[in-house]
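Asks: Here the numbering used here is used: the first residue of the sequence shown is 88, the next is one more, and so on.
Cβ coordinates follow ideal geometry from the N, Cα and C atoms, glycine included.
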Amino acid sequence: MTFFTFTVPFIFFIFIGTVLSSLVFRGRSEHVLARKVFFVSLLTYFVYGIIAYLSYLSNDGFFQYQDQNHFLEVSNHLGDLSNVYYIYKACFIDRIHIENEGAYFYVGLIGYFANTFLEGNNVFIQIVNVSFIASLIPLFVFKILLRYVSPKVAFKSALAYVFYSYTFYYSPWLLRDIHISFLYVIGLTILTGSFTKIRVMFLILLMLVTMMFRLEHGIFFAFIPLLYIYEQVKDRKVLRFLMFSLGISILAFFARVIIDNLLVINDLLNRYQEFTLNSSNSDGLGRRLLQLPNGIRQIASAIYSQISPFPSWNLALKGNDAFQVIIGVVQMISPIYWFVVWFCVIKCLMIKSFRNSLPRILVILLFVFITFLIANSSNANVRRLMCLYPVLFVIYVYARSKMPWKVKKSNIQAILLYLGLCVLYFFIKV
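1. Should R539 and A201 be called a contact, given that it needs their Cβ atoms to be closer than 8 Å?
2. Which class does M437 belong to by DSSP, given the choice of helix, strand or coil?
3. Please work out which residues of its chain come closer than 7 Å, Cβ to Cβ, to V127, disregarding the five sequence neighbours upstream and downstream, and give them in chain order.
4. From P312 to I185, what does the alpha carbon distance come to, in whole angstroms?
5. How close, in whole Å, do the beta carbons of F258 and G136 come, if the pair is a contact with beta carbons under 8 Å?
6. Helix, strand or coil for K239? Go by DSSP, reduced to three states.
7. Express the C-alpha separation of L165 and S145 in angstroms, rounding to a whole number.
8. Indicate the three-state DSSP secondary structure (helix, strand or coil) for Q153 in the structure shown.
9. Report all residues from its chain with a CB closer than 7 Å to the CB of E361; omit the five preceding and five following residues, and keep chain order.
10. Let me know the alpha helix (DSSP H) ranges lying completely inside the region 460-498, each 4 residues or longer, listed in chain order.
11. Please determine, among L503, M419, L452, the residue with the shortest C-alpha to C-alpha distance to Y476.
12. Using a Cβ-Cβ cutoff of less than 6 Å, which residues in the same chain neighbour M298 once the five nearest sequence positions on both sides are dropped?
13. Taking F158 as the reference, which of S108, I212, I433 has the closest Cα?
14. Would a check of beta-carbon distances place D408 closer than 8 Å to chain B?
15. Taking the alpha-carbon positions, what's the F97 to R442 distance?
16. Short check: CB of I224 to CB of S268, under 8 Å?
17. For a quick check, are the C-beta atoms of I316 and L275 less than 8 Å apart?
18. Are the CB atoms of N163 and G198 within a distance shorter than 8 Å?
19. Quick one: any contact between the region 481-494 and the region 412-420, if contact means 3 or more CB pairs under 8 Å?
20. Kindly indicate which three-state DSSP category K284 falls into: helix, strand or coil?
21. In angstroms with no decimal places, state the Cα-to-Cα distance between A241 and R470.
22. Measuring only the C-alpha atoms, how far is P396 from P422?
23. Could you check if T131 is buried or exposed, using at least 16 other CB atoms within 10 Å of its CB as the buried criterion?
24. Does DSSP classify I277 as helix, strand or coil?
25. For L205, name the three-state secondary structure that DSSP assigns.
26. Suppose the cutoff is 8 Å on Cβ atoms and the five residues either side in sequence are ignored; what does the same chain contact list for M490 look like?
27. Given that a residue counts as buried once 16 or more other Cβ atoms are within 10 Å of its Cβ, and exposed if not, what is L349?
28. In angstroms with no decimal places, state the Cα-to-Cα distance between V287 and M473.
29. Which of helix, strand or coil does DSSP assign to E186?
30. Starting from the C-beta of I220, find all residues in its chain whose C-beta is less than 7 Å away, skip the five residues before and the five after it, and write them out in chain order.
31. Please say whether V428 and F513 have beta carbons closer to each other than 8 Å?
This is the structure in structure tokens:
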């Protein structure tokens with residue numbers, strides 16, 4: 088990897104991020120803060136991506152998430168095609184991969200441009216492209232936060248999201264989850280903003296693109312444009328009825344897709360669960376939960392997913408080199424932080440005055456998030472769930488701005504509770 092290959096993508100990312108922040112934010116003060124958020128996230132995730140790449144080299148391959156090899160192979164195959172049209176034809180006309188063609192088209196496109204304009208497609212180019220997409224997510228989280236808290240609070244909270252969210256840990260991996268999270272956060276940004284017909288069309292387009300990355304997430308994404316329209320017509324009975332009818336029609340339209348894919352999805356989930364059970368640490372709590380009876384297992388797995396991995400230090404302790412240790416340390420951050428976030432949000436929701444002050448759209452989105460969590464209880468992996476974590480985070484920041492002392496007290500309680508769980512786990516293990 089030469090200096091040219093290293094610097095050109097980074098400069099290109101800075102340019103795109105700067106232009107995007109100018110389009111999304113208004114006013115000089117917002118632009119300045121937005122660019123700071125973007126530069127911090129880009130630099131952080133870019134450096135982390137380099138560490139992930141060095142880990143790949145030192146281990147002669149990916150030491151976890153073996154499906155990354157498949158995406159790398161697809162990027163090499165499609166990237167070697169003679170032009171963009173042939174990549175498009177392979178993915179969307181011939182459908183050589185059968186499903187997830189949007190994801191394959193994207194990595195193939197990156198591979199093609201790397202072969203054409205740089206020094207060839209490689210793991211580094213693919214990793215830093217995922218890192219760039221990840222670095223844009225806190226930018227849109229910042230935009231959402233500006234609608235509910237002061238710019239100062241929004242800025243500090245967006246920086247916290249850069250370092251403490253699961254986006255950080257998953258930012259360098261050649262998976263679809265960061266891309267899906269990016270599509271969702273754009274949808275959430277539009278949903279919490281003002282209404283225009285063009286934005287409705289854009290939300291529908293985002294839904295279709297998301298379906299091309301992962302069908303289940305694309306289908307669930309439909310709630311965003313529907314809710315966006317419903318918020319505008321909720322006081323009009325006729326339009327409300329039409330919206331309800333439209334929702335039924337969309338469900339009927341997707342019914343055939345759902346039925347056709349039900350057996351495939353069920354088989355994938357069973358194989359994924361078997362893989363998770365086989366690859367889990369024999370001493371880990373996750374493995375024990377997967378051995379529980381049906382029904383209890385799904386509920387326990389859904390709860391466990393919100394602090395997974397637990398204990399969070401296993402990867403750091405078992406790292407084979409310095410790069411794996413660093414990756415393991417990064418992995419430790421998010422489970423602890425989001426345990427605190429969940430604990431504080433639940434405690435604050437018990438207070439009537441806070442519930443009454445919470446914006447209606449955030450209440451609805453919280454129910455949507457919980458529904459999404461329950462719907463994924465059979466495969467409650469944080470990778471699949473983190474696309475809606477901005478909802479929980481915004482509510483947490485809103486609570487912190489409204490009741491700072493209450494949240495501070497809850498933070499301390501949550502940390503003590505987490506430490507207590509660690510001690511309990513230690514004694515169970517012994």
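Replies: On the basis of the data shown:
1. Outside the displayed range of the chain (88 to 517) lies residue 539, so it cannot be described from this structure.
2. coil
3. Excluding sequence neighbours, V127 sits near L246, V249.
4. 27 Å
5. First, the amino acid is wrong: residue 258 is Ser here, not Phe. Taking C-beta atoms under 8 Å as the contact rule, S258 and G136 qualify, at a distance of about 7 Å.
6. helix
7. 26 Å
8. Residue state, collapsed to three classes: coil.
9. Annotation note: pLDDT 47 at E361 (below 50); position unreliable, no value reported.
10. 469-472, 476-489
11. L452
12. G305
13. I212
14. Protein chains in the displayed structure number just one, and chain B is not present.
15. 44 Å
16. yes
17. no
18. yes
19. no
20. Per DSSP, reduced to three states, the secondary structure at K284 is helical.
21. 25 Å
22. In a straight line, the C-alpha of P396 is about 7 Å away from that of P422.
23. buried
24. Correct three-state label for I277: helix.
25. coil
26. Sequence-distant partners of M490 (beyond 5 residues in either direction) whose C-beta falls short of 8 Å from its own C-beta, in its chain, are C435, I438, F441.
27. Low confidence applies to L349: its pLDDT is 42, below 50, so where it sits in the model is not reliable enough to give any reading.
28. 24 Å
29. coil
30. I265, H266, F269
31. no
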